[in-house]
Every structure is written in structure tokens, then in C-alpha cells.
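Participant: Residue numbers for the sequence shown follow our numbering, beginning at 693 and rising by one. We put the CB at the ideal spot given by N, CA and C, even for glycine.
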Amino acid sequence: MFTKQFHKSYLFFTAIFVGAFGPIFFLGTMASTAEPARWTLDLLSWPLDGQQDYEASTTRFLSALTGGFLLGWGVCIGCLQRWAYDVAPEGVRKSVVAGLLAWFCLDSLGSVASGNAANVVFNILVLLIAVGPLWRPAQ
693 MFTKQFHKSY
703 LFFTAIFVGA
713 FGPIFFLGTM
723 ASTAEPARWT
733 LDLLSWPLDG
743 QQDYEASTTR
753 FLSALTGGFL
763 LGWGVCIGCL
773 QRWAYDVAPE
783 GVRKSVVAGL
793 LAWFCLDSLG
803 SVASGNAANV
813 VFNILVLLIA
823 VGPLWRPAQ
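1) Would you tell me roughly how many angstroms separate the C-alpha atoms of residue 739 and residue 803, rounded to the nearest one?
2) Residue 902 by DSSP, collapsed to three states: which one?
3) Please list, in chain order, all residues of the same chain as residue 726 whose beta carbon is under 6 Å from its beta carbon, the five residues on each side excluded.
4) Let me check you understand the geometry: is the CB of residue 795 closer than 7 Å to at least one non-hydrogen atom of the ligand GDP?
5) Over the uninterrupted alpha helix (DSSP H) stretch that includes residue 723, give me the two end residues.
6) Just the C-alpha distance for residue 823 and residue 817, rounded to the nearest angstrom, thanks.
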């Protein structure tokens, strides 16, 4: 079984893992730096075929919003890990897992509805990595 200290350490990993997508999508806001975001979007809409682009200003704006939300979410997880976990470890664990499950459900449903069902496979991998040992309470 995993200890509370291991869970606390894993929450830091989860914060970095989630938050790291923020700067990638922020780069999509400017044509000169959009390639990492474009490639990520192309990967997530498998297969890699170059069909995804960042030509539309609305796509770049949505990338700004996405980047901000992801960075903020990662920072929030990090703050919970740093300042709340020791006081309420089970509440923090459940909150982070609930947030990740909510993301997974809506993102996957939206992916299917938009014709990008392959992203659900990536979402499963991301969910498993981000939640990791947090599925179960620490011992």
C-alpha cells in the first residue's frame, strides 16, 4: 500500500504533469510559436497527419484559454499538495481524483462528439498517469 508521504509526492508529480500542458498550449497563441501546440493537437486527434493547424484566430484564442486553465489547474493541485494535504489528506486526494475524472468524462465526450474519438485512448493514458496511486486512500 502507498503511504501518505508517497501520495503527497505523487500529487506534486500530478501538478507538474497537468500544469505542463499549459505553456504548450499558450505557445499556440502566436503563429511563430504555435508548432508545439499544433503537434500536440495533431497527436491527440490521431493519426499524425498534419490536418490540425493554428491558422484561425479562434483556435489561437481557445489555445490561450486552454493553456491558462491547465496551468491554473496544475498550480491548484500543487497548492493543495503543499498547503492542504497535511491537514486533510483524504479530502485533497478525493478532490484531485474527482477533478481528473470530471475532466476525463467531459473531454472524452467532447472528443467523440467532435469526431476525434482517438483522443479517448490518450485521455485514458493521461488519467492513469495523473491519478496513479491516488485511486486508493493512503495507508
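Facilitator: So, from the data block:
1) Rounded to whole angstroms, residue 739 to residue 803 spans 14 Å at the Cα level.
2) With the chain represented from 693 up to 831, any question about residue 902 goes unanswered, as that position is not in the structure.
3) Correct list, in chain order: 720 and 746.
4) Among the components modelled here there is no ligand, and therefore nothing to report on the ligand GDP.
5) No alpha helix (DSSP H) contains residue 723, which DSSP labels as neither H nor E.
6) Cα-Cα distance, rounded: 10 Å.
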